[in-house]
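Visitor: Going down the list, the protein sequences come from chains A and B.
If you read the first sequence in my numbering, its first letter stands for residue 3, the second for the next number, and so on.
If you read the second sequence in my numbering, its first letter stands for residue 6, the second for the next number, and so on.
Pasting in a structure now, in C-alpha cells, and then I'll have a few things to ask.
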Amino acid sequence: MSSTFHGIETAKRSLFTQQAALNTTGHNIANANTAGFSRQVVNMTASKPMEAYGMNRSVTPGQLGTGVEFTSITRVRESFLDDQFRNENKSLGNWSIQADTLDKLQTIMNEPSDSGLRTVLDNFWKSWSDLSKDPENVTGRKIVRENAIALTDAFNQTSKQLSDLKNDLTNNIQVKVNEINSTITTIAGLNAEIQRIEGLGDDANDLRDQRDLLTDNLSKIANIQVTNTPQGYNISIGGINLVTGGTFTATSEAALESGFASGDLNSGEVYGMIVSRDKYVADYQNQLDTLANTIANGEVTITIPAGSVIPEGATLNVVTGTGSNQTVTSTTFSGTSRTLSADLTVQVNGLNGLHQLGYLFGSPPATGGDFFTAKPGSSGITATSIQLNPDIAADASKIATSLRTDGTGVNETTVKGNNTLAMLMAQLKDTSFTFTAQGSSASSGSGVTSGTIDEYFRAIIGQLGVQGQEASRQLNNQKALVDQVDGRRQSVSGVSLDEEMSNMIKFQHAYGAAARFMTSYDQILDKLINGTGMVGR
Amino acid sequence: MTLRVTQSMMHSQLLRNVNNNLSRMERNQNVLSTGRKILKPSDDPVGITYALHYRSELSINEQYQKNIDTAKAYVDHTDTILGQVNDLIQRANELTTQGVNGTNPQSALDAIAQELGQIYEQAVTLGNDRLNGKYIFNGQKTDIQPYTTAGAPTESSDDQKIVYQFSAGVTVPINVTGNEVFGIGSGPNQEPDNLFSVLKDLQNDFLNGDQTAARTDMDRLTSRFNKFLDVRAEVGARANRIDLLDSRLQDLNQNLTALDSKVEDADIAETITNLQADQNVYQASLSVGAKIIQPSLLDYLR
Numbered sequence: 003m004s005s006t007f008h009g010i011e012t013a014k015r016s017l018f019t020q021q022a023a024l025n026t027t028g029h030n031i032a033n034a035n036t037a038g039f040s041r042q043v044v045n046m047t048a049s050k051p052m053e054a055y056g057m058n059r060s061v062t063p064g065q066l067g068t069g070v071e072f073t074s075i076t077r078v079r080e081s082f083l084d085d086q087f088r089n090e091n092k093s094l095g096n097w098s099i100q101a102d103t104l105d106k107l108q109t110i111m112n113e114p115s116d117s118g119l120r121t122v123l124d125n126f127w128k129s130w131s132d133l134s135k136d137p138e139n140v141t142g143r144k145i146v147r148e149n150a151i152a153l154t155d156a157f158n159q160t161s162k163q164l165s166d167l168k169n170d171l172t173n174n175i176q177v178k179v180n181e182i183n184s185t186i187t188t189i190a191g192l193n194a195e196i197q198r199i200e201g202l203g204d205d206a207n208d209l210r211d212q213r214d215l216l217t218d219n220l221s222k223i224a225n226i227q228v229t230n231t232p233q234g235y236n237i238s239i240g241g242i243n244l245v246t247g248g249t250f251t252a253t254s255e256a257a258l259e260s261g262f263a264s265g266d267l268n269s270g271e272v273y274g275m276i277v278s279r280d281k282y283v284a285d286y287q288n289q290l291d292t293l294a295n296t297i298a299n300g301e302v303t304i305t306i307p308a309g310s311v312i313p314e315g316a317t318l319n320v321v322t323g324t325g326s327n328q329t330v331t332s333t334t335f336s337g338t339s340r341t342l343s344a345d346l347t348v349q350v351n352g353l354n355g356l357h358q359l360g361y362l363f364g365s366p367p368a369t370g371g372d373f374f375t376a377k378p379g380s381s382g383i384t385a386t387s388i389q390l391n392p393d394i395a396a397d398a399s400k401i402a403t404s405l406r407t408d409g410t411g412v413n414e415t416t417v418k419g420n421n422t423l424a425m426l427m428a429q430l431k432d433t434s435f436t437f438t439a440q441g442s443s444a445s446s447g448s449g450v451t452s453g454t455i456d457e458y459f460r461a462i463i464g465q466l467g468v469q470g471q472e473a474s475r476q477l478n479n480q481k482a483l484v485d486q487v488d489g490r491r492q493s494v495s496g497v498s499l500d501e502e503m504s505n506m507i508k509f510q511h512a513y514g515a516a517a518r519f520m521t522s523y524d525q526i527l528d529k530l531i532n533g534t535g536m537v538g539r
Numbered sequence: 006m007t008l009r010v011t012q013s014m015m016h017s018q019l020l021r022n023v024n025n026n027l028s029r030m031e032r033n034q035n036v037l038s039t040g041r042k043i044l045k046p047s048d049d050p051v052g053i054t055y056a057l058h059y060r061s062e063l064s065i066n067e068q069y070q071k072n073i074d075t076a077k078a079y080v081d082h083t084d085t086i087l088g089q090v091n092d093l094i095q096r097a098n099e100l101t102t103q104g105v106n107g108t109n110p111q112s113a114l115d116a117i118a119q120e121l122g123q124i125y126e127q128a129v130t131l132g133n134d135r136l137n138g139k140y141i142f143n144g145q146k147t148d149i150q151p152y153t154t155a156g157a158p159t160e161s162s163d164d165q166k167i168v169y170q171f172s173a174g175v176t177v178p179i180n181v182t183g184n185e186v187f188g189i190g191s192g193p194n195q196e197p198d199n200l201f202s203v204l205k206d207l208q209n210d211f212l213n214g215d216q217t218a219a220r221t222d223m224d225r226l227t228s229r230f231n232k233f234l235d236v237r238a239e240v241g242a243r244a245n246r247i248d249l250l251d252s253r254l255q256d257l258n259q260n261l262t263a264l265d266s267k268v269e270d271a272d273i274a275e276t277i278t279n280l281q282a283d284q285n286v287y288q289a290s291l292s293v294g295a296k297i298i299q300p301s302l303l304d305y306l307r
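Below you can see the structure in the form of C-alpha cells.
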C-alpha cells in the first residue's frame, strides 16, 4: 500500500535529479574550453522501490518504483590514454629542445652564407696566394694579417656563441627544475585535498582534472612515472621520487644531472637540454677547438722545393719513402746541409711549424715566429683562445714569405723575391692535416682524423645538418603522435556542445514532465481533499 | 566505438592544419625570396657539403684567375723584353757579318765597334729591366740589380725560378733568369757564349782590327743566339700553358657554378607552383574552418 503522497515524493526526486543533470550540463558547457577539463556525467539510478510492508501482508503486487536519484557525478576519462599521452609527451619535450638547439647551432655556424667561417677561411688562403705573387711588398702582408685576424675573430666569436648557448641551456635547466618543483608542490597539495574530499564519498572531479593537467605538463619536462594509489598520484623520474601522496621531494639540477648519468632521466625537456648541452654544443665546441688547434699546430706533410735554405740548427722530421715504406727521421740542418739540393719532404706542425721555417726581411735574417698563438692566460690554442701572434698583429713585416737566404754568417740575407713559404701556406688549403685536439677535449665527433681543413669543416656542417634534420623529423613525428593521442583523449573527455545541448533539452523536458506530474498529483490531492465528502453540497 | 568529435577537437585540428599550411608557405616564400633551396644545413645535409665544397672551389678559383692575370702580364712583359734582346742580337750579328768580310777599313770597323758598344749597353739595360720595381731577370733576388755596365760579362743572375700556383697542385715558374737569357758569366759553370762577354769581345776585336778573333767570337754569338731562341720559345710555350690553364679555370668555374646552382638554387617555377597550391589549400582551410567551427545546435535553439 503506497502512501498518499508517494507521487509528490517521486516527482520531487525527479525534479532534483534532472536539475542536478542540468547543472552538470551547464558546468560542462562552461568548461568546454577549459584546459584539462573532462566532461562530467550524472549517474542516475532508479531509487529503491517500495517493499511490501506493514503488519498485514501486502496484497500490492510487485515493487512500486519510487522515482530517480543520482548516485554520483563522475568524469569521463580513460587513464590508459593519459598514460599514452604522457609517454609521447616526454619525447615531444625532448625532441623539441633538441631540434631547437640544433636550429640555433645551425644559425651560429651560419652556413651556407658569404660571411661564415668557410668564407673567412677561403679568404685567408687566398690572401696567402696573393702574397705569394708579390712577396717583397708589405701590402700583401697586411692583407694576410687582416684576413688572419678575421679568421681568429670568426673562431672566437663562434666559440663565444657556443658557450653562450651552453650557458643558456644550463639556465633553462634551472628554470625547468623550478617548474618541476612548483608543479609537484601543487600536485602533492591536490593529492591531499582529493583524498580528503573523496574520503567523504564524493568525486573530486575538477581537482582530479587539475591534477591530471599538471601531471601532463610535468610529463613534457621529464620522463615521469605516475602511479595511482589510494593516497593519490605517486610521481617519480626513474629512481628520483617527486611526489608520494600528499608529500613532495623538491628536486635539484644536481639531482637531475646525476639522474641523467644513471639513466633515470631519459626523456623530456630537461633531458633534451642536458643532451643538447653535453652532446651537441660540447661536441661542436670540441670540433671547433680541434679545427683551430689543427690550423695552428696540426701535423702536416709538406715538400720544400730544392734551393730552399733551412734555418741554421733547425731540426725537422724528414719523410722518406711512401705508403708503408714511409719512414720519418729527425734531421738537424746546419752549415752547408741547410741549402737543399733536392726537394725535401718534411712533417711540420701546422701553420706555426711552417711559418717558423721562413725568414723575415731584417738583417741578419731572423726566422718567423708562431703565426697563431693562444691568448694570454689560456693553456693551448682553442677556438676561444686562438689569436694572431701579437707581434705580427703589431707589425705585418713579421710575416715570413721567404724560404731562402743568401750568403753565410754575418753576410746572410733573406732573398726577398723567394715566395716559397707563402706558396706553401696557400697550398695548405689542399693539404691533409692530422687533426689534433687541444688538451683533454680529445673526442672528435665527426670522426675525421685527417683531411684538409675544408673537409673537416664540411664534415662539421654535414654532421650538423644530419642531426638537425633527424631532430626536426623526430619532432614532427612526435607532434603528430601527441596530437593523435590528445585527439583520442578529447574524443573521450572533451565537451561536445551539440551533445550537451541535446542533453540539456533531454533534462529540461524530463524536468518539465516531472513538474507536470507534480501538478497532476496536486490536482488529484486537491480533488481528494477539497472535493471529497461534499456530496449534495 | 565511433569517435566522438567535439568542438575543441575541430578547433585544434583546424589550427594545426592552418599552421602546417602557413609553415609550408613560409618555407616556399623563403626559398623564393632567396632563390636558394638550402637555407640551412638540415634542409639537405648531403647537399650542403657539396655546396660548401663548390663555394670554396669557386672562391679559390677566383684567386687562381687573379694569379693567372698577374702571370700573364709578367710573361708578356718578359716576352717583349726578349723581343728587344732578339733585335739586339740580330743587329750585332749583322754588324759582325759586315765587319768580318775583310773589305772594311779600320774607320768602318771603329764605327761597328762603337755600335756594338751601344748594343752592349742596351743589352745590360735590358738585363736590368724591372716590372713593378722588380728586376725580372735576377731570379728570386728581384730586389737586387743583376748587372753592372762595367762588370756584366763576368756577372751572373740568381738561378731560381719564381713559381705561381694556378690550381691545386699546379705550379708554373713564370720567370726566366738572366743566366738562361744572357749566359752564365761567372763561377764554375761559366758559359763562353755569355752575351755580354761576346759583345764586349767583338767590340774589342773590331777596335783592334782582329777579324780572325771576330770570326771566332761570331760563332759564340751564334751559339748564344740559338740558346736564346730556346729560351724565347720556352717563354712562348709558358704563355700558351698559362692561357690553357686560364681557359681550363674558366671552364671549371662554369662547371662549378652549374653544379653549385644545381645543389643550391631553387626551382623557381616549381616553388611558385607549390606556393600557389599551398595558398589555395590555406584559403580553403580558412574558409572551411569559418564554416564548420561556427554552427552548433546553439544556433538553432531560438
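Every residue, glycine too, gets a C-beta built ideally from N, C-alpha and C.
Taking Cβ positions only, does M14 of chain B come closer than 7 angstroms to chain A?
Guide: Yes, contact with chain A.
Visitor: Taking 7 angstroms as the threshold (beta carbon to beta carbon), is K42 of chain B in contact with chain A?
Guide: Output row for K42 of chain B: interface = no.
Visitor: Inspect the CB distances between the stretch 223 to 242 of chain A and the stretch 257 to 272 of chain A and report whether three or more fall short of 8 angstroms.
Guide: Result yes; three or more Cβ-Cβ pairs closer than 8 angstroms.
Visitor: Can you list, in chain order, the stretches of the beta strand (DSSP E) that have 3 or more residues and sit fully within the stretch 433 to 505 of chain A?
Guide: Runs found: none.
Visitor: May I have a chain-ordered list of the beta strand (DSSP E) segments no shorter than 3 residues that lie completely inside the stretch 187 to 245 of chain A?
Guide: Counting only runs of 3 or more, we get 227 to 231, 234 to 239.
Visitor: State buried or exposed for R53 of chain A, treating a residue as buried only when at least 16 other CB atoms are found within 10 Å of its CB.
Guide: Reading off the sequence shown, one finds Glu at residue 53 of chain A, where the question assumed Arg. The residue in question, E53 of chain A, is exposed, as its Cβ has fewer than 16 Cβ neighbours within 10 Å.
Visitor: Evaluate the contact criterion for the stretch 398 to 407 of chain A versus the stretch 354 to 366 of chain A: three or more CB pairs, one atom per stretch, below 8 angstroms.
Guide: The answer is yes - the stretch 354 to 366 of chain A touches the stretch 398 to 407 of chain A, with three or more Cβ pairs under 8 angstroms.
Visitor: Which residues in chain B have a C-beta closer than 9 angstroms to the C-beta of Q542 of chain A? List them in chain order.
Guide: There is no way to answer for residue 542 of chain A, as the model of chain A reaches only from 3 to 539.
Visitor: Spatial neighbours of Y282 of chain A within its chain, please: CB distance less than 8 angstroms, with the 5 preceding and 5 following residues excluded, ordered by chain position.
Guide: Excluding residues within five positions, the ones whose Cβ falls inside 8 angstroms are Q100, T103, L104, L107, Q469.
Visitor: Go through the stretch 168 to 214 of chain B residue by residue and report every complete run of the alpha helix (DSSP H) that reaches 4 residues or more, in order.
Guide: Runs of the alpha helix (DSSP H) inside the stretch 168 to 214 of chain B: 183 to 187, 200 to 213.
Visitor: In the stretch 87 to 113 of chain A, which residues sit with their C-beta less than 8 angstroms from some C-beta in chain B, listed in chain order?
Guide: From the stretch 87 to 113 of chain A, only L104, D105, Q108, T109, M111, E113 have a Cβ closer than 8 angstroms to chain B.
Visitor: Using a C-beta cutoff of 7 angstroms, does S445 of chain A count as contacting chain B?
Guide: For S445 of chain A, the predicted structure reports a pLDDT of 49, less than 50, and the residue's modelled location is therefore unreliable. A value from the coordinates is still provided. Not an interface residue.
Visitor: Anything in chain A within Cβ reach of A56 of chain B, meaning under 8 angstroms, just list it in chain order.
Guide: The contacting residues are P114.
Visitor: Do you know how far the Cα of N72 of chain B is from the Cα of M425 of chain A?
Guide: Computed Cα separation, rounded: 12 angstroms.
Visitor: Thinking C-beta only, is T322 of chain A closer than 7 angstroms to T329 of chain A?
Guide: Yes, the Cβ-Cβ distance between T329 of chain A and T322 of chain A is below 7 angstroms.
Visitor: Where S161 of chain A and T386 of chain A are concerned, what is the direct C-alpha to C-alpha distance, given to the nearest angstrom?
Guide: Looking at the two C-alpha atoms, the distance is approximately 6 angstroms.
Visitor: Do three or more CB pairs link the stretch 133 to 141 of chain B to the stretch 98 to 113 of chain B at distances below 8 angstroms?
Guide: Counting Cβ pairs under 8 angstroms, fewer than three are found: no touch.
Visitor: Thinking C-beta only, is T436 of chain A closer than 7 angstroms to E301 of chain A?
Guide: It is a contact, given that the beta carbons lie within the stated cut-off.
Visitor: For the beta strand (DSSP E) that F72 of chain A lies in, which residues bound it at each end?
Guide: F72 of chain A -> beta strand (DSSP E) spans 70 to 77.
Visitor: Suppose you measure from the CA of I312 of chain A to the CA of G142 of chain A; what does that come to, to the nearest Å?
Guide: Roughly 24 angstroms separates the two Cα atoms.
Visitor: Would L37 of chain B pass as an interface residue toward chain A - the criterion being a Cβ-Cβ separation below 7 angstroms?
Guide: Taking Cβ atoms only, chain A never reaches closer than 7 angstroms to L37 of chain B, which makes this a no.
Visitor: Taking only three categories from DSSP, how would you classify S332 of chain A?
Guide: Strand at S332 of chain A.
Visitor: Counting only C-beta atoms, is D208 of chain A closer than 7 angstroms to chain B at any point?
Guide: It does not; no Cβ of chain B falls within 7 angstroms.
Visitor: Classify N26 of chain B as helix, strand or coil using the three-state DSSP reduction.
Guide: Reduced to three states, the DSSP call for N26 of chain B is helix.
Visitor: Would DSSP call T39 of chain B helix, strand or coil?
Guide: In this structure, T39 of chain B counts as helix in the three-state DSSP scheme.
Visitor: How would you write the range of the alpha helix (DSSP H) that L346 of chain A sits in, first residue to last?
Guide: Taken as a continuous stretch (DSSP letters only), L346 of chain A belongs to no alpha helix (DSSP H), being part of the beta strand (DSSP E) at 346 to 351.
Visitor: Excluding sequence positions up to five away, which residues of its chain have a Cβ less than 7 angstroms from the Cβ of K146 of chain B?
Guide: Closer than 7 angstroms at the Cβ level, and outside the excluded window around K146 of chain B, lie D163.
Visitor: Whole-angstrom Cβ separation of W97 of chain A and G274 of chain A, contact assumed at under 8 angstroms?
Guide: Sure, about 7 angstroms apart at Cβ, within 8 angstroms.
Visitor: Based on the DSSP output, what are the partners of N288 of chain A in its beta bridges?
Guide: None; N288 of chain A has no bridge partner.
Visitor: Please determine if the stretch 198 to 209 of chain B and the stretch 36 to 45 of chain B are in contact, where contact requires at least 3 C-beta pairs separated by less than 8 angstroms.
Guide: At 8 angstroms Cβ cutoff, the stretches do not touch.
Visitor: What are the start and end residues of the beta strand (DSSP E) that includes T47 of chain A?
Guide: Here the beta strand (DSSP E) through T47 of chain A covers 42 to 48.
Visitor: How long is the line joining the alpha carbons of A444 of chain A and D280 of chain A, rounded to whole angstroms?
Guide: Unreliable positioning characterises A444 of chain A in this predicted model, as indicated by a pLDDT of 48, which lies under 50. The coordinate reading is nonetheless provided below. Cα to Cα, the separation comes out at about 15 angstroms.
Visitor: Using a beta-carbon distance cut-off of less than 9 angstroms, what residues from the stretch 402 to 425 of chain A approach chain B?
Guide: The residues in question are S404, R406, D408, V417, K418, G419, N420, N421, T422, M425.
Visitor: Compare the C-beta of I53 of chain B against all C-beta atoms of chain A and say whether one is closer than 7 angstroms.
Guide: Yes, I53 of chain B counts as interfacial toward chain A.
Visitor: Helix, strand or coil: how does DSSP classify L264 of chain B here?
Guide: In the structure shown, L264 of chain B sits in a helix (DSSP, three-state: H, G or I).
Visitor: Quick one: Cα of S442 of chain A to Cα of L215 of chain A, how far?
Guide: For S442 of chain A, the predicted structure reports a pLDDT of 48, less than 50, and the residue's modelled location is therefore unreliable. The matter cannot be settled from this model.
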